[in-house]
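Just below is one structure, and these are the notes that go with it.
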Amino acid sequence: AAGDFAVDRFECLRRLLLVHGAWCFTRTSELILYTFMHNCAYVFVIFYHQLYNGYSGAVSLHSLYLTLYSSLFTVLPQCAAALFDQHVPAERALHEPQLYEYTLHARCYRMWSYWINIFDAIWQSTVIFFLGYFSYRHESYMDVSSFGFSLAFCMIITSLIHVLIQTSRVDWSVIASIAFSLLVFLGFTLIFDTTCIQCIPGESPYKVSYETFRQGRFWFTSILSIITAMIPRFIVKSIYNTIRNPLM
Numbered sequence: 001a002a003g004d005f006a007v008d009r010f011e012c013l014r015r016l017l018l019v020h021g022a023w024c025f026t027r028t029s030e031l032i033l034y035t036f037m038h039n040c041a042y043v044f045v046i047f048y049h050q051l052y053n054g055y056s057g058a059v060s061l062h063s064l065y066l067t068l069y070s071s072l073f074t075v076l077p078q079c080a081a082a083l084f085d086q087h088v089p090a091e092r093a094l095h096e097p098q099l100y101e102y103t104l105h106a107r108c109y110r111m112w113s114y115w116i117n118i119f120d121a122i123w124q125s126t127v128i129f130f131l132g133y134f135s136y137r138h139e140s141y142m143d144v145s146s147f148g149f150s151l152a153f154c155m156i157i158t159s160l161i162h163v164l165i166q167t168s169r170v171d172w173s174v175i176a177s178i179a180f181s182l183l184v185f186l187g188f189t190l191i192f193d194t195t196c197i198q199c200i201p202g203e204s205p206y207k208v209s210y211e212t213f214r215q216g217r218f219w220f221t222s223i224l225s226i227i228t229a230m231i232p233r234f235i236v237k238s239i240y241n242t243i244r245n246p247l248m
């Protein structure tokens, strides 16, 4: 990792290699794995809807949410974690150089890490879609637009919580970016659903979020879906940190 830098003061090389080099590699690895998981869950939610739309090709999520899901609503926490996360404190990395083996042997980015994230994405998307589908299927006031908004709501909240769980060091930047992203999503949704009646032909979001937020079934299903979707990630991360983490 430190080979990407040009150093003319060799007294700085130790800190550059053991601290910043290790941080850089670990942050990049976590960002790549998160991006795979993030987009895989997003795609599978869309895929599941294709099984129930009569082969029409229609999607339940509004096209603007499809566009802004990765580009606006969830991007800040990813950037904060990729810029400021520290899998090991700087002082400890300098005093225990053997910890660099974690980076040297790429223990944070292996094939099993990739597949764990893919399976987690499949689990999250399956829980979010089918819990919502079977909950709203009978005796519900939810239409296709409301159902799509509920899916987008659960996907975004789950993605934000995922960053909080995955980050090794939770500091102000991660918490602030998550809170800001949530406010941006809710603020954009309320304004967009009020002012945009026919901004996009055939997709009128008018008052969809307002009517959805008024339904108790939406809140119960959303909370249940988010908790159920995040349980495996939380349990695995907790066990790894307490038993198998080589940095503990």
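Mapping of the sequence shown onto full-length UniProt numbering: residues 1 to 248, in sequence order.
By construction, the Cβ of each residue, glycine as well, lies at the ideal position given by its N, Cα and C atoms.
Quantities reported herein were computed from a predicted structural model and do not represent experimental measurements.
CB contact flag (residue i, residue j, <9 Å)
i	j	result
Gln78	Met230	no
Arg92	Glu101	no
Ser145	Ser222	no
Leu94	Phe188	no
Val174	Ala80	yes
Thr158	Ile116	no
Ser60	Phe192	no
Sequence-distant residues of the same chain with beta carbon closer than 8 Å to residue i, five excluded per side
i	result
Leu190	Ser209 and Tyr210
Thr228	Val127 and Leu131
Arg214	none
Tyr114	Leu33 and Phe36
Buried or exposed (CB count within 10 angstroms, at least 16 for buried), residue i
i	result
Phe47	exposed
Leu83	exposed
Tyr55	exposed
His87	buried
Residues near residue i by beta carbon distance below 7 Å, same chain, minus five either side
i	result
Asp120	Met37, Pro232 and Arg233
Ser181	Phe73, Thr74, Leu76, Pro77 and Leu160
Contact set for residue i: own chain, Cβ-Cβ below 6 Å, skip 5 residues either direction
i	result
Ala41	Ala121, Gln124 and Ser125
Inter-residue spacing [alpha-carbon to alpha-carbon] between residue i and residue j
i	j	result
Phe134	Ile165	28 Å
Thr195	Asp143	20 Å
Phe44	Met155	11 Å
Lys207	Asp85	39 Å
Arg14	Phe220	52 Å
Arg110	Tyr141	46 Å
Leu17	Leu104	10 Å
Leu99	Thr26	12 Å
Go through the stretch 182–225 residue by residue and report every complete run of the alpha helix (DSSP H) that reaches 4 residues or more, in order.
208–213
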